[in-house]
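**Student:**
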Amino acid sequence: MDTELEEIKEILKKYGQEQLLNYYNELDEIKKETLLNQIRNINFELVKKLYDSTKEQKVNVEDKITPIDYLDKYKLNDQYKYYENIGKKAIREGKLAAVTMAGGQGTRLGHNGPKGTYDIGLDSHKSLFELLADNLKAEGKKYDIMIPWFIMTSRENNKETVEFFEKHRCFGYKKDKNLFFFVQGELPMMDTEGKILIGEDGLVKLAADGHGGIYESLVKTQMTKKMRELGVEWVFIGGVDNCLVKMVDPVLMGIAIDKKVTVACKSVVKANPHEKVGVFCKRNGKPNVIEYSEITDEMAEATDENGELLYGESHILCNLFSIDAIERMGAEPLPYHVAFKKAKYIDKDGNLVVPDSPNAYKFEAFLFDAFGEVDDMAVLRVKREEEFAPVKNSDEKGVDCPSTARELYKKFYHLD
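Sequential numbering of the sequence shown, starting at 2, is according to the working numbering.
(1) Going by DSSP, which residues form a beta bridge with N243?
(2) For I317 versus V380, is the C-beta distance shorter than 7 Å?
(3) How would you call Y410, buried or exposed, if buried means at least 16 neighbouring beta carbons within 10 angstroms?
(4) Please state whether DSSP places D120 in a helix, a strand or coil.
(5) Could you give the DSSP three-state label for Y337: helix, strand or coil?
(6) Could you tell me whether the segment 252-269 touches the segment 75-87, where touching means 3 or more Cβ pairs closer than 8 Å?
(7) Counting pairs of beta carbons, one from the segment 213-229 and one from the segment 109-126, are three or more of them closer than 8 Å?
(8) Given this structure, state the Cα-to-Cα distance separating F183 from Y75, to the nearest angstrom.
(9) Quick check on K65: buried or exposed, where buried means 16 or more other Cβ atoms within 10 Å of its Cβ?
(10) Spell out the partners DSSP gives F364 in its beta bridges.
(11) Would you mind stating whether G279 and E299 have Cβ atoms separated by less than 7 Å?
(12) Can you give the Cα-Cα distance for A99 and V205, rounded to whole angstroms?
(13) Taking Cβ positions, are E187 and L219 nearer each other than 7 Å?
(14) Just grab the DSSP bridge partners of C282 for me.
(15) Could you spell out where the alpha helix (DSSP H) holding P251 opens and where it closes?
(16) Below 8 Å, how does it come out for the segment 27-34 and the segment 189-204: are there three or more Cβ pairs, yes or no?
(17) Check whether the Cβ atoms of L335 and D370 lie closer than 7 Å to each other.
(18) Identify the continuous alpha helix (DSSP H) that holds R109 and give its terminal residues.
(19) Pull up the distance between the alpha-carbon of R170 and that of Y119, whole angstroms please.
(20) Keeping to the same chain, check which residues put their C-beta closer than 7 Å to that of Q39; ignore five residues upstream and five downstream.
(21) Shortest alpha-carbon distance to I148 belongs to which of L231, K14 and V383?
(22) Taking only the alpha-carbon atoms, compute the straight-line gap between L36 and I199 and give it to the nearest angstrom.
(23) Alpha carbon to alpha carbon, how far is F181 from F166?
(24) Can you find the residues in the same chain that come closer than 7 Å, C-beta to C-beta, to P274, ignoring five residues on each side of it along the sequence?
(25) In three-state terms, what does DSSP make of I43?
See the structure below:
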């Protein structure tokens, strides 16, 4: 242990991060081992690059943004059945798995616990997890199979999430047979001098690496290996907070298989030209999602000959990938985006600092940044009222909140 501690001290000295052991001697044995494990797992070269990136002047390269082609699910006519039959065959053969990204807490909803355990206020009092489980089981029943379900948690909520499932008998699933949990990646938070912060618990202050870390996490935790063992070829990835998410869609799957693309995504048309959502486009000829902040008013309002918005296909985090694409995208980390956040930490004198303004860098990757790695992808427009009822804000906001999601859910399932 002493030799190992000395080796870790040398590494920290090399990267100017000696402060991470400031309170090592005050920790109990379990926390000491946890801290050393955290330090062992830090990619200090990456951390240094990430900090350096916060100081770089961003070169404003003029990207060429053009509209992307899409299919409207309800205007496919004769092709609807054609695509549906292709997808149904693949699903029946057990080639589909579902992944739910559930690493967040329900803090913004005033909920103490993982977001997936939140009750949106239905008469049944079912949690988001149970609503998703119900849908997945009902769809699987149509094909006489149990669709494998992979749930990405975070270090913060993994234990509580697993316990919640076990308490509810995994909603009819069987853990480690057709239900699997894996933890998303994390990166250290840093101050403006590039020093990694120490949290209130005396350990490294870590933050989730964003939904773009999903590919790397699936590969690193060997979930893609598990999928292959189960015969899976296609993986649907969605968020836990959309209570109308349709994880099993034979039309989407049929389109991906027929068009020989490795990524197929769902979109809903923007509520208005200036809705604050990311939209599908092509960037320098490659599929991409452009943030609303990057679109000029002229682009936002531009229409085609049918009066449809040229940039009107919102990315709703409903994406289907071939397992090959996931493994390729997960081989290397995606580019990280920097966010300046408020973070509590322990300073060099042992005091807890509670900032009232942003003081720390957090780094996260975005799932759609991987889209540029593929030559082409399919975009399928679906109806908002049928597939998109997110629970992101408290009811006070009045949009994408429990009350709006509840109404959409009740209307869709005719619960009134």
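Yeah, the Cβ is synthetic: ideal placement off N, Cα and C, and Gly gets one too.
All values derive from a computational prediction rather than experimental measurement.
**Tutor:** If we stick to the structure as given:
(1) P391
(2) no
(3) buried
(4) strand
(5) coil
(6) yes
(7) no
(8) 36 Å
(9) exposed
(10) V339
(11) no
(12) 32 Å
(13) no
(14) N289
(15) P251 to K260
(16) yes
(17) yes
(18) Careful: R109 lies outside any alpha helix (DSSP H) and carries neither H nor E.
(19) 17 Å
(20) L204 and V205
(21) L231
(22) 10 Å
(23) 11 Å
(24) A301, E302 and L310
(25) coil
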